[in-house]
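Notes for the one structure printed next.
Numbering (my numbering), first residue to last: 22 to 202.
Shown next, in the form of structure tokens:
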């Protein structure tokens, strides 16, 4: 009986000590959500999902606890890109309500750029190296504008003017002095 237990535990330890390795599946990106090797993150829950408020609450809590200005700027750019990606997914649904939600989502995504630019300026005042985050912000802004250009073709005429207004705001962000340095 003791030999059986020893063999059993030896076999158990032997089997549990190995880890399995699985190949990672890569999903092809949404063609409307990429530009020059800049892939938008997967948005997760969309604004039309009933539990979306939980996602937003989680993101606000996470953002609250980030104290480093460069990390906060990176987080804000990520959040903006997620909003942009969510807007693209909403536009692909092709319903008038989804189009309206997409335009609102684009607008909310732009608010994160304002926060990111403010944090970049703060990081510069603190003497931090902001070259990489500025480059990332500029690239993200270019991508945002390109997606808005494509979105104009997908929305009804009532939402085209709102997207044009959003493009003007993106132009203002691109012309901010902090990003020109």
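Every residue gets a Cβ at the ideal spot worked out from N, C-alpha and C, and that includes glycine. This one's a predicted model, so the numbers in the text were calculated from it and none came from an experiment.
From the options, residue whose alpha carbon lies closest to that of residue i
i	options	result
residue 127	199, 181, 29	181
residue 6	160, 25, 161, 188	The structure shown does not extend to residue 6, since the chain is modelled only from 22 through 202, so no value can be given for it.
residue 172	197, 134, 110	110
residue 125	155, 106, 99, 139	106
residue 98	174, 192, 61, 25	61
residue 150	65, 90, 58	90
residue 161	82, 191, 64	191
residue 59	193, 168, 175	168
residue 153	65, 92, 88	92
residue 163	145, 194, 24	194
residue 102	148, 132, 147, 116	132
residue 117	67, 136, 175, 157	175
Simplified DSSP assignment, three categories, for residue i
i	result
residue 48	For residue 48, the predicted structure reports a pLDDT of 42, less than 50, and the residue's modelled location is therefore unreliable. A value from the coordinates is still provided. The answer is coil: DSSP assigns residue 48 none of H, G, I, E or B.
residue 63	coil
residue 114	coil
residue 151	coil
residue 101	helix
residue 58	coil
residue 90	helix
residue 53	In this predicted model, residue 53 has a pLDDT of only 44, less than 50, meaning its place in the structure is not dependable; the value taken from the coordinates is given anyway. Of the three classes helix, strand and coil, the one that applies to residue 53 here is helix, per DSSP.
residue 69	coil
residue 26	helix
Integer-rounded CB distance, given that residue j should sit under 8 angstroms from residue i
i	j	result
residue 130	residue 108	7 angstroms
residue 100	residue 69	No, residue 100 and residue 69 are not in contact; Cβ-Cβ is about 18 angstroms, not under 8 angstroms.
residue 18	residue 159	This structure cannot speak to residue 18, because the chain is shown only from 22 to 202.
residue 87	residue 96	6 angstroms
residue 120	residue 177	6 angstroms
residue 137	residue 94	4 angstroms
Alpha helix (DSSP H) segment containing residue i, residue limits
i	result
residue 117	117-146
residue 80	73-85
residue 178	178-195
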